[in-house]
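To start, the structure itself, in structure tokens.
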Amino acid sequence: MQICLFSDLGFRVFPWYLVKFGGLGFWGSSYFFCFVFLLLSVLLGIEKMAPRLDFSKMWAKNAKKGGGTPVVVKMENPNFSVVEIDGPDSAFRPVEKSRGKNAKQASWVLLLKAQRFVSLIASMATLLWSLLGTINKRLIFRQGVAMENGKLGKGRLLFTVIRVFLVSSIAILVFEVVAYFKGWHYFRNPSLHIPRTSDIQGLLHMVYVAWLRFRADYIAPPIQALSTFCIVLFMIQSADRMILSLGCLWIKYKKIKPTIDSNAMKSDDLEKSDYEYPMVLVQIPMCNEKEVYEQSISAVCQIDWPKDRILIQVLDDSDDESIQWLIKSEVADWSQKGVNIIYRHREIRTGYKAGNLKSAMSCDYVKDYEFVAIFDADFQPNPDFLKRTVPHFKGNPEVGLVQARWAFVNKDENLLTRLQNINLCFHFEVEQQVNGVFLNFFGFNGTAGVWRIKALEESGGWLERTTVEDMDIAVRAHLNGWKFIYLNDVQVLCEVPESYEAYRKQQHRWHSGPMQLFRLCLPAVITSKVSAWKKANLILLFFLLRKLILPFYSFTLFCIILPLTMFVPEAELPSWVICYVPVFMSLLNVLPAPRSFPFIVPYLLFENTMSVTKFNAMVSGLFQLGSSYEWIVTKKAGRSSESDLLAAAERETKMINQLPVHRGASESELSELNKLMEHKVVSPLPVKKANKIYRKELALAFLLLTASVRSLLAAQGVHFYFLLFQGVTFLLVGLDLIGEQIS
Numbered sequence: 222m223q224i225c226l227f228s229d230l231g232f233r234v235f236p237w238y239l240v241k242f243g244g245l246g247f248w249g250s251s252y253f254f255c256f257v258f259l260l261l262s263v264l265l266g267i268e269k270m271a272p273r274l275d276f277s278k279m280w281a282k283n284a285k286k287g288g289g290t291p292v293v294v295k296m297e298n299p300n301f302s303v304v305e306i307d308g309p310d311s312a313f314r315p316v317e318k319s320r321g322k323n324a325k326q327a328s329w330v331l332l333l334k335a336q337r338f339v340s341l342i343a344s345m346a347t348l349l350w351s352l353l354g355t356i357n358k359r360l361i362f363r364q365g366v367a368m369e370n371g372k373l374g375k376g377r378l379l380f381t382v383i384r385v386f387l388v389s390s391i392a393i394l395v396f397e398v399v400a401y402f403k404g405w406h407y408f409r410n411p412s413l414h415i416p417r418t419s420d421i422q423g424l425l426h427m428v429y430v431a432w433l434r435f436r437a438d439y440i441a442p443p444i445q446a447l448s449t450f451c452i453v454l455f456m457i458q459s460a461d462r463m464i465l466s467l468g469c470l471w472i473k474y475k476k477i478k479p480t481i482d483s484n485a486m487k488s489d490d491l492e493k494s495d496y497e498y499p500m501v502l503v504q505i506p507m508c509n510e511k512e513v514y515e516q517s518i519s520a521v522c523q524i525d526w527p528k529d530r531i532l533i534q535v536l537d538d539s540d541d542e543s544i545q546w547l548i549k550s551e552v553a554d555w556s557q558k559g560v561n562i563i564y565r566h567r568e569i570r571t572g573y574k575a576g577n578l579k580s581a582m583s584c585d586y587v588k589d590y591e592f593v594a595i596f597d598a599d600f601q602p603n604p605d606f607l608k609r610t611v612p613h614f615k616g617n618p619e620v621g622l623v624q625a626r627w628a629f630v631n632k633d634e635n636l637l638t639r640l641q642n643i644n645l646c647f648h649f650e651v652e653q654q655v656n657g658v659f660l661n662f663f664g665f666n667g668t669a670g671v672w673r674i675k676a677l678e679e680s681g682g683w684l685e686r687t688t689v690e691d692m693d694i695a696v697r698a699h700l701n702g703w704k705f706i707y708l709n710d711v712q713v714l715c716e717v718p719e720s721y722e723a724y725r726k727q728q729h730r731w732h733s734g735p736m737q738l739f740r741l742c743l744p745a746v747i748t749s750k751v752s753a754w755k756k757a758n759l760i761l762l763f764f765l766l767r768k769l770i771l772p773f774y775s776f777t778l779f780c781i782i783l784p785l786t787m788f789v790p791e792a793e794l795p796s797w798v799i800c801y802v803p804v805f806m807s808l809l810n811v812l813p814a815p816r817s818f819p820f821i822v823p824y825l826l827f828e829n830t831m832s833v834t835k836f837n838a839m840v841s842g843l844f845q846l847g848s849s850y851e852w853i854v855t856k857k858a859g860r861s862s863e864s865d866l867l868a869a870a871e872r873e874t875k876m877i878n879q880l881p882v883h884r885g886a887s888e889s890e891l892s893e894l895n896k897l898m899e900h901k902v903v904s905p906l907p908v909k910k911a912n913k914i915y916r917k918e919l920a921l922a923f924l925l926l927t928a929s930v931r932s933l934l935a936a937q938g939v940h941f942y943f944l945l946f947q948g949v950t951f952l953l954v955g956l957d958l959i960g961e962q963i964s
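Just so you know, we're using this note's numbering here: the sequence shown kicks off at 222 and counts up by one.
Below, the structure written as structure tokens:
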């Protein structure tokens with residue numbers, strides 16, 4: 222009954238999802254929603270109904286296909302007839318009369334079942350045909366696009382290890398399939414069914430028995446030990462996630478949040494109304510940000526703050542001269558409107574963002590300012606941003622940083638952006654808020670924050686030693702005794718990557734940099750004068766648990782150990798480890814973004830898929846491999862909110878009306894204006910979008926699918942479903958079928 226209900230429900234609802242979510246910009250979104258029903262059915266108890274390949278039972282089945290188990294009712298009184306009930310409706314049908322009517326009913330039932338079966342097959346065929354067609358298009362469009370060749374050796378070792386596992390698993394699978402069809406059924410518990418020497422039937426049988434003994438004695442123990450170690454790490458990390466969630470609930474229940482004096486920005490002297498406004502420096506670091514520079518500069522220039530108490534620095538590291546002209550033009554437009562804004566460009570671009578900020582802070586006029594606000598090129602602060610953040614410094618000389626929350630203009634663009642929104646909502650709503658309230662410390666997010674310049678200077682300023690300069694300065698400021706304040710109710714609009722390529726590069730930097738920083742700052746943490754509790758929090762929780770252990774066990778447990786246990790069943794992995802605990806942890810992650818609840822299963826599968834990139838980045842940063850200091854600017858699409866679009870249209874209209882130049886303009890001014898307008902009007906030709914193929918993800922996809930076939934032979938239930946869906950998810954990601962295509 223459960224299987225029929227699932228087949229009717231899942232594949233009848235599936236076309237609705239195809240229509241509902243087909244226009245999200247995600248090629249494979251419909252596949253994920255099909256997996257949702259399958260995996261939920263597993264969680265509801267269908268894992269016991271594991272798929273089996275027992276052909277002897279198949280041929281020995283009774284030919285009767287009734288609705289239930291036949292029950293024979295015998296009555297002692299001979300006056301009553303004996304009735305055989307084949308189904309729940311049989312007892313209510315007439316026995317002697319209307320035999321033709323029962324035959325018609327049976328025909329209709331058979332036709333209905335046939336129709337359901339045909340619709341099921343058609344849905345599966347349509348799904349498979351769509352997947353194959355998309356793969357074919359992806360391979361065709363990929364011609365001329367370079368395959369990921371591992372620059373500077375990035376990922377070569379990991380790919381080699383995965384490939385060895387894949388080849389070995391395929392060889393073992395072929396061997397065991399042969400053994401299965403020869404009748405050597407040692408799949409449930411091989412150690413209890415290894416035959417005696419006298420029972421060996423031939424050379425192949427002898428080799429198979431020797432393999433069983435070898436894996437039970439030499440392969441299973443280390444795999445079991447490693448799996449136990451990873452399970453312990455998994456439970457520790459889950460406990461940490463649970464404690465953070467409980468802390469967030471406590472903050473919500475007690476309504477705890479940082480407060481400021483309502484009269485903080487007011488002055489008693491009416492003639493000096495601006496006296497209470499401190500001097501604020503606003504920095505916008507950017508590098509070849511052609512899609513987002515205009516909206517970011519526009520939003521920052523509209524911040525409500527006295528004009529003589531604020532200076533905006535546009536720190537341009539672009540190496541494209543046309544983009545430099547565009548940014549100069551935008552800065553000139555706002556400067557003519559009375560905004561105190563300047564343009565800076567470095568000739569020698571060293572140290573990436575950290576070098577850019579360090580160069581800007583070395584200007585002589587910086588000493589006149591007390592605070593510095595930083596916004597990346599895709600961030601659009603509200604006009605009241607400074608009025609809601611700077612007052613938190615007043616009366617709190619120990620506060621060095623006030624961090625605001627991110628909000629995303631394109632969180633509903635496609636499935637990839639939706640999944641990122643789940644992760645980032647948990648990070649800001651739970652991690653940052655709990656650490657800010659209870660510890661007065663958290664990692665600076667690199668943007669949408671206000672620093673006390675004194676705190677930056679006393680902590681050593683911006684350093685170019687890692688690709689996570691924001692985390693670096695936060696750790697050094699914390700060790701110097703500065704406190705941080707997080708404002709969950711102050712949001713700044715920004716973008717999340719819409720293509721998997723951009724997201725993958727961003728995650729590599731975010732997970733490689735912390736490990737690189739951990740190696741560099743560990744001696745300073747140990748020798749610092751902060752309390753032992755703060756040292757333990759930095760080393761054990763901030764770095765090891767959340768930056769090292771999480772990607773390690775996620776990749777090792779779900780991508781390596783789980784497939785190995787299918788070929789080495791003596792090393793068992795409980796169902797609650799691969800199903801129930803991950804689903805519960807995913808529920809906790811989704812709680813800060815309740816509208817994302819329908820995406821919980823794709824989120825769980827995709828996070829396991831991303832563990833490959835995160836694990837590779839973690840190892841790269843920890844051991845200082847070639848890609849650990851690689852910085853690639855995250856590609857943006859230039860999304861804007863509706864209010865920003867209306868303001869931009871109004872601004873363009875005014876600019877067109879004011880286009881004529883005064884006759885008194887000099888020849889140099891005219892040539893400069895012509896150059897600016899030329900770069901601003903001419904739009905580049907559209908670039909054809911293409912896709913990449915990710916070899917590590919594809920290799921793991923085939924490894925997991927091979928393990929799922931082995932699990933099918935052993936009828937291991939939930940392991941089969943998890944391996945199947947996780948393998949298909951790796952296949953979709955490996956073929957770049959998630960998110961937008963790259964340009």
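Note that the Cβ used here is the ideal one computed from N, Cα and C, for glycine as well.
Proximity winner among Gln504, Lys528, Leu465 and Gly960, relative to alanine 669 (alpha-carbon distances): Gln504
Lysine 507 in three-state terms, based on DSSP: Correcting the residue type first, residue 507 is methionine in the shown sequence and not lysine. Strand at methionine 507.
Secondary structure of glycine 576, DSSP reduced to three states: In the three-state reduction of the DSSP assignment, glycine 576 falls in the helix class.
Status (buried if at least 16 other CB within 10 Å, exposed otherwise) for glutamine 726: What sits at residue 726 in the sequence shown is lysine, not glutamine. By the neighbour-count rule (16 or more Cβ atoms within 10 Å), lysine 726 is buried.
Paired residues, beta bridge with glycine 842 - DSSP: None, per the DSSP bridge assignment.
Bounding residues of the alpha helix (DSSP H) (the contiguous stretch that carries glycine 670): Segment 670 to 673 is the beta strand (DSSP E) holding glycine 670; no alpha helix (DSSP H) there.
Residues near glutamate 650 by beta carbon distance below 6 Å, same chain, minus five either side: Pro813
For aspartate 537: DSSP bridge partner residues: In DSSP, aspartate 537 forms a bridge with Met507 and His566.
Distance, methionine 507 Cα to alanine 598 Cα: C-alpha separation (whole angstroms): 5 Å.
Close beta carbons around serine 932, own chain, < 8 Å, minus the five adjacent residues each side: Met787, His940, Phe941 and Leu944
Cβ-based burial, tyrosine 474 [other Cβ within 10 Å; buried from 16]: Exposed is the call here.
DSSP-derived helix/strand/coil call for cysteine 715: Three-state result, cysteine 715: strand.
C-alpha gap between alanine 922 and glycine 948, whole angstroms: 4 Å
Residues near alanine 676 in its chain [Cβ-Cβ closer than 6 Å; skip 5 each side]: Gly621, Ala698 and Trp703
Close Cβ partners of phenylalanine 256 (< 8 Å) along its chain, the five nearest in sequence each way excluded: Note that phenylalanine 256 scores 48 on pLDDT, short of 50, meaning its location in the model is unreliable; the coordinates nonetheless yield the value given after this. Val822, Pro823, Leu826, Phe946, Val949 and Thr950.
Contact between the segment 462 to 474 and the segment 637 to 655 (3+ Cβ pairs under 8 Å): yes
Opposing strand residues paired with isoleucine 531 [DSSP bridges]: According to DSSP, isoleucine 531 bridges with Val501.
Helix, strand or coil at glutamine 523 [DSSP, three-state]: Secondary structure at glutamine 523: coil, using DSSP grouped into helix, strand and coil.
Buried versus exposed, by CB contacts within 10 Å (16 or more), glutamate 551: buried
Supposed close pair alanine 628, glutamine 728 - CB separation, criterion 8 Å: Actually they do not touch by this definition, with Cβ atoms about 20 Å apart.
Residue interval of the alpha helix (DSSP H) (run including arginine 639): 636 to 647
Buried versus exposed call for serine 752 [16 or more other C-beta atoms within 10 Å across all chains shown]: That one is exposed.
Inter-residue Cα distance where the pair is isoleucine 464 and asparagine 656: 11 Å
Beta-carbon gap between aspartate 538 and arginine 565 smaller than 7 Å: no
Meets three-Cβ-pair contact criterion under 8 Å: the segment 608 to 619 and the segment 541 to 559: no
Endpoints, alpha helix (DSSP H) assigned at phenylalanine 435: 424 to 435
Cα-Cα separation between leucine 761 and isoleucine 548, rounded to whole angstroms: 44 Å
For glutamate 961, the residue or residues it bridges with in DSSP: Its beta-bridge partners are Ser720.
Other residues of its chain near alanine 575: CB distance less than 7 Å, five sequence neighbours each side excluded: Trp683, Leu684, Glu685 and Glu690
First through last residue of the beta strand (DSSP E) which encompasses glycine 797: With the sequence shown as reference, residue 797 is identified as tryptophan, and glycine is not the correct amino acid for it. Looking at the DSSP string, tryptophan 797 is not in any beta strand (DSSP E), and its letter there is neither H nor E.
Any 3 or more C-beta pairs closer than 8 Å across the segment 434 to 445 and the segment 775 to 794: yes
Spatial distance of valine 954 from threonine 830 (CA atoms): 8 Å
Under the three-state DSSP convention, the category glutamine 947 falls into: helix
Minimum C-alpha distance to valine 711 - residue among Lys857, Val671, Tyr498 and Leu387: Val671
For phenylalanine 805, the nearest candidate out of Lys579, Met456 and Glu716 (CA to CA): Nearest C-alpha to phenylalanine 805 among Lys579, Met456 and Glu716: Met456.
For serine 517 and phenylalanine 600, the rounded distance between their alpha carbons: 6 Å
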